[in-house]
Amino acid sequence: MEKTLTLDSISGNDGLDHTSVRTLVEAAHVLAHQGHAASLAGQVTVRDGDSCRLRTFALGRGFEEMTTDDILLVDESWKVIEGHDKPNPGIRFHGWIYRNHPEVRAIVHTHPPAMSALSMLGIEMPVAHMDAAMFHEDCGFLAHWPGVPTGDDEGRLISQALGDRRSAMLVNHGIVCTGATLQEAVYLNVFAERNARMVLDAMAAGGIQPVDPHAAREAHDFLLQPAIVNATFAYWVRQASRAA
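Per the UniProt record's numbering, the very first residue in the sequence shown carries number 1; after that it's consecutive.
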């Protein structure tokens, strides 16, 4: 029987405290404000403690509409343990990532316009600007679209494409971003869309000049410092709150 999800029911030993619940809702609002919510496509999930269960949102509501009442706890068989309604069936491939990548605590996948367009070119993620350096040598590549990611084959392929990297470019689809925290996964997802827009603009104007690999590695490590990730996420939360 489904249980009602409240802040009290998701504190304690399950690994997700009140702050994390609030962050899950904030993440949805940030993604909406950043232009990632044109449809109901895309998923946000957080690993539940050290298990392969996950927290996600009920299907049928936009990111800007999400509240704690829309949070579900889903087991490894995609059965809803806590909450109401059904999850997005696309979270099946998230389960594959959590099982095969124990370091991953959160996953974000959305369908923003520039990243969707870039995925149609069949190329790996170009990194030619400081604001994209977090993807330098840290973005996998799936060269063939396996179809809507609701089956085990799609989950296996996407998990393999991710490898030991935080993100993976999916041809004819977009990007999937993971993180040691939800803030990190959102940070990467938002900057992936920003980078896609810059790449498409640069390609329309001419060629793309590669960056120095040594400088890119330094910038990668600098931009992924938790203090920078968390401060940027907090700024985006304030922006989304003012716009609400």
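Note that CB positions come from ideal geometry on N, CA and C, so glycine has one too.
**Prompt:** Nearest-angstrom Cα distance between Trp78 and Arg53?
**Reply:** Translated into the one-based positions of the sequence shown, residue 78 becomes position 78. Translated into the one-based positions of the sequence shown, residue 53 becomes position 53. Trp78 and Arg53 have their alpha carbons spaced roughly 9 Å apart.
**Message:** Short of 8 Å in beta carbon distance, which residues of its chain neighbour Ile91, apart from the five on each side in sequence? Order them along the chain.
**Reply:** Within the sequence shown, the letter at position 91 stands for residue 91. Excluding sequence neighbours, Ile91 sits near Gln43, Thr45, Leu54, Thr56, Val74 and Trp78.
**Item:** Simplified DSSP assignment, three categories, for residue 245
**Value:** Given a span of 1 to 244 for the chain in the structure shown, any question on residue 245 remains unanswerable.
**Message:** For a test of the three-state rule: what should DSSP assign to Leu54, helix, strand or coil?
**Reply:** Looking up residue 54 in the sequence shown gives position 54. Here Leu54 sits in strand by DSSP.
**Request:** Return the first residue and the last residue of the beta strand (DSSP E) that Met120 is part of.
**Result:** In the sequence shown, residue 120 corresponds to position 120, counting from 1. No beta strand (DSSP E) holds Met120; DSSP gives it neither H nor E.
**Prompt:** Who are the near neighbours of Thr67 in its chain, counting only those whose CB is closer than 8 Å to its CB and skipping five residues on each side?
**Reply:** In the sequence shown, residue 67 corresponds to position 67, counting from 1. So the list reads Val25, once near-sequence residues are dropped.
**Request:** On a CA-only basis, which of Tyr98, Met169, Pro113 and Glu82 is nearest Glu124? Give me that one, please.
**Result:** Looking up residue 124 in the sequence shown gives position 124. Ranking Tyr98, Met169, Pro113 and Glu82 by Cα distance to Glu124 puts Met169 first.
**Prompt:** Taking the DSSP output, what are the residues bridged to Gln175?
**Reply:** Against the sequence shown, residue 175 aligns to sequence position 175. For the record, residue 175 in the displayed sequence is Ile; it is not Gln. DSSP lists Met169 as partners of Ile175.
**Request:** Have a look at the DSSP bridge pairing and note the partners of Pro87.
**Result:** Sequence index remark: in the sequence shown, residue 87 carries index 87 (1-based). For Pro87, which the question treats as bridged, DSSP gives the partners Ala58.
**Prompt:** Which residues in the same chain as Val108 place their Cβ atom closer than 6 Å to its Cβ, once the five residues preceding and following it in sequence are excluded?
**Reply:** Here residue 108 refers to the residue found at position 108 of the sequence shown. Cβ neighbours of Val108 within its own chain (closer than 6 Å, five residues either side excluded): Val44, Cys177, Ala185, Val186 and Asn189.
**Prompt:** For Glu82, which three-state DSSP category applies?
**Reply:** Residue 82 sits at position 82 when you count from the first residue of the sequence shown. For Glu82, the three-state secondary structure derived from DSSP is strand.
**Asked** Relative to the ligand FAD, is the shortest distance from any of its heavy atoms to the C-beta of Leu224 smaller than 6 Å?
**Response** Absence of the ligand FAD from the depicted structure is noted, as is the absence of any ligand whatsoever, leaving it without description.
**Message:** For Met130 and Asp69, what's the separation of their Cα atoms in angstroms?
**Reply:** In the sequence shown, residue 130 corresponds to position 130, counting from 1. In the sequence shown, residue 69 corresponds to position 69, counting from 1. In this model, Met130 and Asp69 are separated by some 39 Å (Cα to Cα).
**Asked** Grouping DSSP H, G and I as helix and E and B as strand, with all else coil, what is Ala106?
**Response** Translated into the one-based positions of the sequence shown, residue 106 becomes position 106. In the structure shown, Ala106 sits in a strand (DSSP, three-state: E or B).
**Asked** How long is the line joining the alpha carbons of Met115 and Gln239, rounded to whole angstroms?
**Response** Residue 115 sits at position 115 when you count from the first residue of the sequence shown. Residue 239 sits at position 239 when you count from the first residue of the sequence shown. One alpha carbon belongs to Met115, the other to Gln239, and they sit about 22 Å apart.
**Asked** Who are the Cβ neighbours of Val80 in its own chain at under 8 Å, not counting the five residues just before and after it?
**Response** The residue given as residue 80 occupies position 80 in the sequence shown. Excluding sequence neighbours, Val80 sits near Glu2, Leu72, Leu73, Val74, Lys86 and Pro87.
**Message:** If you reduce the DSSP assignment to three classes, tell me which class Leu224 lands in.
**Reply:** Position 224 of the sequence shown holds residue 224. The answer is coil: DSSP assigns Leu224 none of H, G, I, E or B.
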